[in-house]
Amino acid sequence: MARVIVDVMPKPEILDPQGQAIARALPSLGFDNVTSVRQGKRFEIEVDGGDPLDVANRAAEAMLANPVIEDFTVRIED
Amino acid sequence: MSATLTVGVVTFPGSLDDRDAARAVTASGATAVSLWHGDTDLKGVDAVVLPGGFSYGDYLRGGAIARFSPVVAEVIRAANDGMPVLGICNGFQVLCEAHLLPGALVRNAGLRFICRDQQLTVENASTRWTSGYTEGETITIPVKHGEGRYVATADTIAELEAEGRVAFRYQGGNPNGALNDIAGITNAAGNVVGLMPHPEHAIDLLTGPSADGLTMFTSVLKSLVAA
Numbered sequence: 054m055a056r057v058i059v060d061v062m063p064k065p066e067i068l069d070p071q072g073q074a075i076a077r078a079l080p081s082l083g084f085d086n087v088t089s090v091r092q093g094k095r096f097e098i099e100v101d102g103g104d105p106l107d108v109a110n111r112a113a114e115a116m117l118a119n120p121v122i123e124d125f126t127v128r129i130e131d
Numbered sequence: 009m010s011a012t013l014t015v016g017v018v019t020f021p022g023s024l025d026d027r028d029a030a031r032a033v034t035a036s037g038a039t040a041v042s043l044w045h046g047d048t049d050l051k052g053v054d055a056v057v058l059p060g061g062f063s064y065g066d067y068l069r070g071g072a073i074a075r076f077s078p079v080v081a082e083v084i085r086a087a088n089d090g091m092p093v094l095g096i097c098n099g100f101q102v103l104c105e106a107h108l109l110p111g112a113l114v115r116n117a118g119l120r121f122i123c124r125d126q127q128l129t130v131e132n133a134s135t136r137w138t139s140g141y142t143e144g145e146t147i148t149i150p151v152k153h154g155e156g157r158y159v160a161t162a163d164t165i166a167e168l169e170a171e172g173r174v175a176f177r178y179q180g181g182n183p184n185g186a187l188n189d190i191a192g193i194t195n196a197a198g199n200v201v202g203l204m205p206h207p208e209h210a211i212d213l214l215t216g217p218s219a220d221g222l223t224m225f226t227s228v229l230k231s232l233v234a235a
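Residue numbers (the numbering used here), protein chains in the order written: chain L, 54 to 131; chain F, 9 to 235.
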């Protein structure tokens with residue numbers, strides 16, 4: 054059984070108002086050095102059999118990410 | 009208007025506006041047919057409406073799970089064969105996720121859920137769902153969404169504008185930061201239209217800001233009679 058991590062992030066050119074709101078709130082907690090926040094999603098997928106990276110890649114392309122607005126990366130968990 | 013014309017209204021788990029959509033279909037003079045997300049046939053309907061709401065709880069992304077439901081597979085097949093399909097709000101999100109329409113709908117730029125009566129300019133009055141309007145006409149129908157900001161690549165936006173495929177544009181203030189003030193678009197053939205505002209909530213002055221939305225439902229009936 055392999056555990057694959059799929060990270061999905063909004064494309065750089067897509068406005069991320071949630072990340073911006075978080076970035077604006079952090080200084081009030083003393084995090085003065087934070088200059089930018091982007092918010093994405095992380096999926097932990099367990100794959101039994103086959104090529105786990107290939108399975109996760111195809112799942113990400115088909116459903117987990119929307120290629121119009123999001124990029125994704127796939128890696129086996131260490 | 010023939011009473012034999014039937015318009016299917018799909019109900020997904022989490023749909024909210026299917027009953028209002030069915031009511032609008034009835035008010036337009038057609039027979040509304042309920043379709044369930046698990047249906048594998050469209051019961052012979054002449055057109056389909058994908059209504060607003062939060063199908064499958066908006067899990068993953070709005071419309072992302074609904075797009076893989078059995079009934080949507082049939083809707084995709086029928087739409088590609090020319091059947092008129094209207095996606096309203098969450099239904100618009102489903103159409104984009106299903107690649108029947110280009111682009112995507114993301115979180116409103118202001119992060120707030122917007123619920124208000126909205127003026128729209130009818131930009132394309134030649135689709136199956138907008139032929140009863142006049143190009144350039146202003147209509148007023150409600151918007152109510154938290155994820156209605158239309159985005160697409162610069163190439164796609166340029167193509168939509170060049171081909172006149174922006175069906176509706178926000179007027180008097182863009183509620184969500186949509187690119188080019190886009191409220192609704194059509195496919196190249198003009199049979200598939202999606203928009204964020206809710207025509208089914210504006211079919212009667214008793215309950216809506218206008219009856220402007222009814223024209224979308226009467227337009228498709230006229231196009232079906234003419235076909």
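Quick reminder that beta carbons are idealized off the backbone N, C-alpha and C, glycines included.
C-beta atoms of residue i and residue j nearer than 7 Å
| i | j | result |
| --- | --- | --- |
| L/V127 | L/F96 | no |
| F/L128 | F/A191 | yes |
| F/D283 | F/P59 | Not covered by the structure: residue 283 of chain F. The range shown for chain F is 9 to 235. |
| L/V57 | L/A76 | no |
| F/G70 | F/E155 | yes |
| F/S77 | F/G22 | no |
| F/R157 | F/N184 | yes |
| F/T146 | F/P217 | no |
| L/V61 | L/G93 | yes |
| L/A115 | L/I98 | no |
| F/T226 | F/G140 | yes |
| F/A32 | F/V17 | no |
Beta carbon proximity, residue i to chain L, threshold 7 Å
| i | result |
| --- | --- |
| F/A170 | no |
| F/V114 | yes |
| F/S10 | Only weak support is given to the placement of F/S10: the predicted model assigns it a pLDDT of 47, under 50, and the question is left unresolved by the model. |
| F/R85 | no |
| F/A117 | yes |
| F/R124 | no |
| F/R69 | yes |
Any chain F beta carbon closer than 7 Å to residue i
| i | result |
| --- | --- |
| L/V127 | no |
| L/V59 | no |
| L/P80 | no |
| L/I122 | yes |
| L/P105 | no |
| L/P70 | yes |
| L/N86 | no |
| L/N119 | yes |
6 Å Cβ shell around residue i - same chain, five flanking residues per side excluded
| i | result |
| --- | --- |
| F/K230 | none |
| F/A237 | As shown, chain F starts at 9 and ends at 235. That puts residue 237 of chain F outside it, with no answer to give. |
| F/L232 | L13 and D54 |
| F/P92 | A55, R136, N199 and V228 |
Beta-carbon proximity list for residue i, same chain, < 7 Å, skipping 5 on both sides
| i | result |
| --- | --- |
| F/S10 | With a pLDDT of 47 at F/S10, under the threshold of 50, the modelled position of this residue cannot be trusted; read the value that follows with caution. Result list for F/S10: V233, in chain order. |
| F/D125 | T148, P150 and P217 |
| F/I165 | L187 and N188 |
Same chain, Cβ closer than 8 Å to residue i, five either side skipped, listed in chain order
| i | result |
| --- | --- |
| F/I73 | S63, Y64 and Y67 |
Please give the ranges of any alpha helix (DSSP H) in the region 15-67 of chain F, keeping only runs that are unbroken, at least 4 residues long and fully inside the region.
26-36
Taking 8 Å as the threshold, find out whether the region 131-140 of chain F comes into contact with the region 185-202 of chain F through three or more Cβ pairs.
yes
Enumerated in chain order, which unbroken segments of the beta strand (DSSP E) with a length of 3 residues or greater are wholly contained in the region 154-230 of chain F?
157-159, 174-179, 190-194 and 200-203
Is it the case that the region 37-45 of chain F contacts the region 104-112 of chain F, given that we only count it when at least three CB pairs across the two stretches are under 8 Å?
no
Quick check for students: name the residue ranges of the beta strand (DSSP E) that lie wholly in the region 75-125 of chain L, counting only runs of 3 or more.
94-100
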